[in-house]
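When you line the sequence shown up against this note's numbering, it's residues 360 to 775, in that order. To start, the structure under review is shown below, and the notes come after it.
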Amino acid sequence: MINYKKAKKILLKSKIKIKDELIEASKSLNRINALDIFCPVHYPAGTNAAFDGFAINSKETKNLNKNNSKNFKILKTISAGDNPKLSKVKTFDTVEVMTGAIIPKFFDTIIPIEKIIFYPNKKNKKYIIINEKIKKNQHIRKAGSDYKKKDLIIRRGTIIQPSHIMAFKTLGITKIKVKKKPNILFFSTGNEISNNKITTDWQVRNSNSYYIKSLSNNFLFNFIDGGILKDKDEKLFKRRIEKSIKSKIDIIITSGAVSAGKHDFVPSIVKKFNLSSYFKGVSIRPGKPILFAKLKNVEKAIFGLPGNPISSSACFRFFVFPYLLNILGTDIEKPFKAKLINKFIKNKYITRFVKSRLTSTSDGNLIIEVLSGQESYKIKSFVQSNVWGLFDYGKSHFKKGDIINCYFPIGPNMIS
């Protein structure tokens, strides 16, 4: 049995290749971009008004003061979306500009509408009176002040968020290259597993399949339900792997039949194939019997998850999910840290994934509580939890005040 650190190294070195595809940028939410994305234009495209007011040439106010005022002739009003072109501009001319309006090149600053004095009066606005020196570049948004052409917007390996889509649309990016979603074929195993609404005492509802399928609804992979493999379906499982090798399936995941019992056929079947990487059994809880295999000379991988729902979800979170991030080209996920508020004791030589509750103190410090009910069959504590606490190999006693590495549940907005 290997430790979690060594298992992660094997996963890191056992990547399968995932191809790229070109898609509509507006439909790229939660996809991973395959290339750096650069800005194709200056943004803002033109220098424009940040306030409603009047645009002037600041140089023309150099000598103005309360004893030496000047009337600036109003040429026209320019609103956002108007063509700002002017046929002719003379000294001491001005234009009224609305917020977002492009400022004609003859002008370099704006006086907000609240500070304007009209001449002869507000009802007959022919001039504005200026009796002070006005600074250059007031209340304007310079062309390219946000993004310049060829500026980096997001680097490759970024999970596309709504803010990115807003930027793509604003900057005129219509298509982007992303990593294809890996196709995951999932099998539940065991005579006891049932999809029926009503079950007997000796049956177990098929929750693992629905849990992992729910993750695929808005995330990194396509879920294909392979159904339930019964206890004597070893040959069927072998045939399904053989068929998958020639298909577009990228990853096969099983739930159950991975330990050392009479009907745990997954390891023996997987080992019949030519493998470049393999491990079974990791010194973790929950999920100790987990299996991983990378097929040799074929871009396919296999995960065998334990059948227990919490063990299965923990192993998906800490083995399959990091593997997906790796093959899709994202950075290695980093935990965040929180202070433990209750003690926790574990086996020194086991890494524990602990169902926990994250909150914050009144002064803004993150704190983590280990919930009761850590047994792998208990789902109540999983429902009540909002983070996983990772309690590392090599230490047994964790006391109040210790700093713990924490991981959010899986989700595209939960990646640090």
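In this text, a Cβ means the ideal position worked out from N, Cα and C, and glycines have one as well. Model, not experiment: these values are computed from the prediction.
In the three-state reduction of the DSSP assignment, Asn427 falls in the strand class, which pools E and B.
Three or more Cβ pairs closer than 8 Å define a contact, and the region 583 to 591 falls short of that threshold against the region 520 to 532.
The C-beta distance from Phe397 to Ile470 rounds to 37 Å, too long to meet the 8 Å contact threshold. Ranked by Cα distance from Arg598, the options Tyr486, Val629 and Ala366 are led by Val629. Given a length threshold of 4 residues, each whole run of the alpha helix (DSSP H) inside the region 508 to 583 is given here in chain order: 521 to 530 and 566 to 575. Scanning Ala616, Phe546, Ser618 and Phe638 for the CA closest to the CA of Ile610 turns up Phe546. One thing to note: Ile535 has its Cβ no nearer than 7 Å to the Cβ of Leu388.
With a threshold of 16 other beta carbon atoms within 10 Å, Ser373 meets it and is buried.
Selection Lys508, Phe431 and Thr406 evaluated against Lys484 yields Phe431 as nearest (Cα-Cα). Residue state for Arg676 is assigned as helix, using DSSP reduced to three classes. By alpha-carbon distance to Ile604, the top candidate from Ser573, Glu658, Asn392 and Arg644 is Glu658. The residues Val448, in chain order, have a CB closer than 6 Å to that of Phe465 in the same chain once the five nearest residues on each side in sequence are set aside. Assignment of beta-bridge partners to Ser719 by DSSP yields Leu725. Inter-segment contact for the region 663 to 680 and the region 637 to 655 is present: three or more beta-carbon pairs are separated by less than 8 Å. Contact between Thr517 and Asn392 holds: their C-beta atoms lie close to 6 Å from each other, under 8 Å.
Following the DSSP letters along the chain, one finds Glu601 inside the alpha helix (DSSP H) bounded by residues Glu593 to Ile604.
Lys739 and Ser731 have their C-alpha atoms some 9 Å from each other.
Of the residues assessed, Ala404 falls on the exposed side of the cut-off, its CB having fewer than 16 other CB atoms within 10 angstroms. Excluding its 5 nearest sequence neighbours in each direction, Ser438 has C-beta neighbours in its own chain below 7 Å: Met457 and Ala460, listed in chain order. Three or more Cβ pairs closer than 8 Å define a contact, and the region 710 to 717 falls short of that threshold against the region 683 to 693.
Note on geometry: alpha-carbon atoms of Lys507 and Gly440 lie some 21 Å from one another. Around the C-beta of Asp623, 16 or more other C-beta atoms lie within 10 Å, and the residue is accordingly described as buried. Counting only residues of its own chain and dropping the five nearest sequence neighbours on each side, Lys707 has a CB closer than 7 Å to the CB of Gly753, Lys754 and Ser755. With a 10 Å radius around the Cβ and a threshold of 16 neighbouring Cβ atoms, Tyr363 comes out buried. Pairing Asn416 with Ile433, the inter-Cα distance amounts to about 13 Å. Counting C-beta atoms within 10 angstroms of its own C-beta, Ile462 has 16 or more neighbours from the protein chains shown and is therefore classed as buried. When the Cα atoms are used, Ala697 and Phe527 turn out to be separated by approximately 35 Å. In the structure shown, Tyr478 adopts extended strand secondary structure according to DSSP, grouped into three states.
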